[in-house]
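Trainee: Let me give you the structure first, and then I'll get to my questions.
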Amino acid sequence: MRTWTRAVPAVAGALVLAVALTGCNDSDGSGKRKGSSGSHSDSDSGSDSGSDSSGGKTTFSLGEASPVQKSDTKESKGATYTVTPTKVQTGTKADMDNSGLKKDKEDGPQIPVYVWSTISHKSGKTMELGDMDDDLVVKTDKGKRTKALIVIMGEAKWPNCPAVDTDKKLNAGDSEKICSAFLIPEGQKAAAVELSRGFYKDPLEWPVKN
């Protein structure tokens with residue numbers, strides 16, 4: 304099955320019954336994830352100063368919670384939550400070979416990056432996990448950004464990184480620890496985890512120390 308991208312108009316690689324989503328500044332939040340992550344995007348719009356134009360902090364350490372985010376989805380509009388990336392680990396070629404994903408020559412060799420996060424529902428209407436972690440992005444040392452992969456039949460299998468139940472609902476006060484897998488070109492390294500905030504705000508960033 305072919306894959307498609309949300310932020311880039313070109314058709315991207317094929318993964319066994321899976322859909323890859325790429326790009327950092329996609330703000331529609333409509334995709335739901337059942338597996339791991341995608342391939343490419345090419346803009347580097349992160350803030351170099353560690354703060355945005357309004358003076359708000361945009362750079363954090365792993366384990367440090369994001370500022371409170373507000374849902375803009377119809378079902379939970381106005382609900383608030385935080386995202387806390389806690390750990391980032393690069394996988395291996397063997398992980399990719401054993402994942403159950405079909406490789407595509409157009410994408411070239413890829414390896415997974417595992418990101419562990421804590422999602423915390425702060426206030427307002429019930430929210431689904433998939434609406435709270437949908438804007439997570441991995442940026443590589445070569446400036447490539449990748450979002451999560453949608454597996455529409457079956458699931459990708461990764462060691463110690465189970466698929467996220469994106470339909471699970473959290474109420475105010477609930478938290479959930481999750482692991483998400485992202486695919487990056489082999490030979491590159493994860494440089495940061497980002498949380499996209501749409502077209503008009505710099506993403507939040509958690510640098511990765513390799």
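Numbering (this note's numbering), first residue to last: 304 to 513.
Glycine included, C-beta positions come from ideal geometry on N, C-alpha and C.
Predicted, not measured: the structure shown is a model, and the values here were computed from it.
#1: Measuring only between beta-carbons, confirm whether serine 379 sits less than 9 angstroms from chain D.
#2: For valine 511 and proline 465, I'd like the C-alpha separation in whole angstroms.
#3: Mind checking threonine 395: buried by the 16 CB within 10 Å criterion, or exposed?
#4: Quick one: Cα of glutamate 489 to Cα of valine 441, how far?
#5: Taking the C-alpha atoms as reference points, what is the distance between methionine 430 and lysine 472?
#6: Could you name the residues of the same chain whose beta carbon sits closer than 8 angstroms to that of aspartate 470, not counting the 5 residues immediately before and after it, in chain order?
#7: Nearest by alpha-carbon distance to glutamate 508: which of Leu486, Phe485, Val467 and Asp438 is it?
#8: With distances taken between CB atoms, is the gap from alanine 459 to leucine 404 smaller than 9 angstroms?
#9: Apply the 10 Å Cβ neighbour rule to valine 371 and answer buried if 16 or more other Cβ atoms are within range, or exposed otherwise.
#10: Going by DSSP in three states, leucine 439 sits in which element: helix, strand or coil?
#11: Hey, out of Gly381, Val418 and Ser423, whose CA is closest to lysine 390's CA?
#12: Span of the beta strand (DSSP E) holding alanine 484?
#13: Starting from lysine 406, follow the alpha helix (DSSP H) in both directions and report where the run begins and ends.
#14: Please classify glutamate 367: is it buried, with 16 or more other beta-carbons within 10 angstroms of its beta-carbon, or exposed?
#15: Among Leu365, Pro415 and Gly411, which residue has its Cα nearest to the Cα of phenylalanine 485?
#16: Quick check on DSSP: helix, strand or coil for alanine 310?
#17: Enumerate in chain order the residues of its own chain whose CB-to-CB distance from serine 369 is below 8 angstroms, with the five nearest sequence positions on each side excluded.
#18: Tell me the DSSP secondary structure of methionine 399 in three-state form.
Mentor: Straight from the coordinates:
#1: Absent here is chain D; the protein component of the structure consists of one chain.
#2: 22 angstroms
#3: exposed
#4: 14 angstroms
#5: 5 angstroms
#6: Lys335, Glu431, Leu432 and Gly433
#7: Asp438
#8: yes
#9: exposed
#10: strand
#11: Val418
#12: 478 to 488
#13: Note, lysine 406: premise wrong, no alpha helix (DSSP H); not H, not E.
#14: exposed
#15: Pro415
#16: Low confidence applies to alanine 310: its pLDDT is 27, below 50, so where it sits in the model is not reliable enough to give any reading.
#17: Phe363, Thr385, Val386, Thr387, Leu498 and Leu507
#18: helix
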